[in-house]
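The structure appears right after this line, and notes come after that.
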């Protein structure tokens, strides 16, 4: 629960931090855009001052409109005023576009006493925010009227204009940010859902295995008692009962060991040991057992000692699992074990003459509950826990495990465990 709250806090802070950074970048971008916009408007203003500073058709029409002089036109003064407003609007738009300014604008041309004026045919609303750029005209018009003329350009709120220009960047950024939020929430939800499932499953397995241990122990004990009381004709059946109860007990212990190691509740008690005598005992015991089961087993232990830092119990179980697995998948099992020291590591190699493992399955055999297709149709029973337990033990001892196999030519498993160097 504590980790979950921490993950949520980190996620929320990261999202808000990312949004804040995006906002700051947007502000910087808007400020830079405003500076560039102002530079373009200033260049346009120079062109406009030059265009209106001389006598030409446009300025002549403007003078006639402001003086309401129609001697050169066959129309009313109001029509001349409207025409001059539109022509001036077109002139201003063309000057702005030539300098890269395409924003909507309006204008007013007035004198100090407002006796003469022109206004844009397009007018902004009274509540609309706008940015003003006044132009003090010189030349023809001020000289002709003897007054100061100011052309005031107004643009709608520049932030809205720039944001509309950045739609190709801001909209994808928002979409990507929302996508990140959705994906992370989905991943966290899936992760915690799976964690709850795993926790429930582990609890069920633990409870089940502990409940099974009592009847299995009772069956094993009863079989031992019966062995001394039944006649020879029933000895075979009693022996089978005892063997199968022992086998079931071993499976239960293996499930419990693997579960506790995965939860790191039963951390291996690493301590310096000489693994040579333990490995030798495992090999000798297996040699005796293989003789009864008609398994051709041989082993070679190079000169010891084998100093490592670990726990002998799990290491012996690891070797036993590999040996048991080696004999299962062959009609006439032949198993070889070789152990030696090389390059500051202990190498334990177990080779068999079994059916082999297909290349596409070799990376999966160490997964929990996985069993090869061959194993599913074979008479060999199991739960797919042995090799996963082996891999867990090797990893806990900071070692490596390698599997080499070829169909119909057998399998070789090599375990490498670092040697312990006495200081």
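Numbering (the numbering used here), first residue to last: 767 to 1189.
Beta carbons: idealized from backbone N, C-alpha and C, even for Gly.
| Item | Value |
| --- | --- |
| Through-space distance from residue 1175 to residue 1121, alpha-carbon basis | 6 Å |
| Alpha carbon of residue 720 to alpha carbon of residue 798, nearest angstrom | Absent from the model: residue 720. The displayed extent of the chain is 767 to 1189, so no value can be given. |
| C-alpha gap between residue 1153 and residue 1087, whole angstroms | 7 Å |
| Integer Cβ distance of residue 1007 from residue 982, believed to fall under 8 Å | Between residue 982 and residue 1007 the Cβ distance is about 11 Å, and since that is not below 8 Å, they are no contact. |
| Inter-residue spacing [alpha-carbon to alpha-carbon] between residue 1184 and residue 1014 | 33 Å |
| Helix, strand or coil at residue 1065 according to DSSP, with G and I counted as helix | strand |
| Straight-line gap, residue 804 to residue 775 (C-alpha atoms, nearest Å) | 43 Å |
| Alpha helix (DSSP H) segments (min. 4 residues) lying fully within the stretch 830–872 | 843–864 |
| Residue 1003 versus residue 985 - alpha carbon distance | 13 Å |
| Residue 752 - containing alpha helix (DSSP H), residue span | Residue 752 lies beyond the range of the chain shown here (767 to 1189); nothing can be said about it. |
| Rounded distance between the beta-carbons of residue 877 and residue 911, thought under 8 Å | 7 Å |
| Helix, strand or coil at residue 916 [DSSP, three-state] | strand |
| Buried/exposed call for residue 778, threshold 16 Cβ in 10 Å | exposed |
| Coarse secondary structure for residue 1057, derived from DSSP in three states | helix |
| Where the beta strand (DSSP E) through residue 1113 begins and ends | 1111–1118 |
| Cross-strand partners of residue 1019 (DSSP beta bridge) | DSSP lists no partner for residue 1019. |
| Continuous beta strand (DSSP E) stretch holding residue 1174: start and end | That residue, residue 1174, is in no beta strand (DSSP E); it is neither H nor E in DSSP. |
| Helix, strand or coil at residue 897 [DSSP, three-state] | strand |
| With 16 other Cβ atoms within 10 Å as the buried cut-off, status of residue 1162 | buried |
| Whole-number beta carbon distance between residue 1093 and residue 1118, since they are thought to touch under 8 Å | 7 Å |
| Three-state class that DSSP yields for residue 1143 in the structure shown | With a pLDDT of 42 at residue 1143, under the threshold of 50, the predicted position of this residue should be treated as unreliable, though the coordinate-derived value follows. Here residue 1143 sits in helix by DSSP. |
| Residue 916, buried or exposed, once every other Cβ within 10 Å from all chains shown has been counted against 16 | exposed |
| Residue burial classification, residue 889 (beta-carbon count within 10 angstroms, cutoff 16) | exposed |
| Three-state secondary structure (DSSP) of residue 812 | helix |
| Beta carbon of residue 898 nearer than 8 Å to that of residue 925 | no |
| Cβ distance (whole Å) where residue 796 is taken to contact residue 928 below 8 Å | 5 Å |
| Residue span of the beta strand (DSSP E) that contains residue 1125, given as start and end | Here residue 1125 belongs to no beta strand (DSSP E), and DSSP marks it neither H nor E. |
| Helix, strand or coil at residue 921 according to DSSP, with G and I counted as helix | strand |
| Contact under 8 Å by Cβ, residue 841 with residue 906 | no |
| CB contact flag (residue 1078, residue 1042, <8 Å) | no |
| Among 942, 852, 869, the one whose alpha carbon lies nearest that of residue 788 | 942 |
| Buried or exposed by the 16-neighbour rule on C-beta atoms within 10 Å, applied to residue 966 | exposed |
| Best match in 1166, 1095, 857 for proximity to residue 816 [C-alpha to C-alpha] | 857 |
| Between the CA atoms of residue 844 and residue 814 - distance to the nearest angstrom | 25 Å |
| Beta-carbon proximity of residue 828 to residue 862, cut-off 8 Å | no |
| Given residue 903 as reference, the closest of 874, 1048, 893, 1072 once Cα atoms are compared | 874 |
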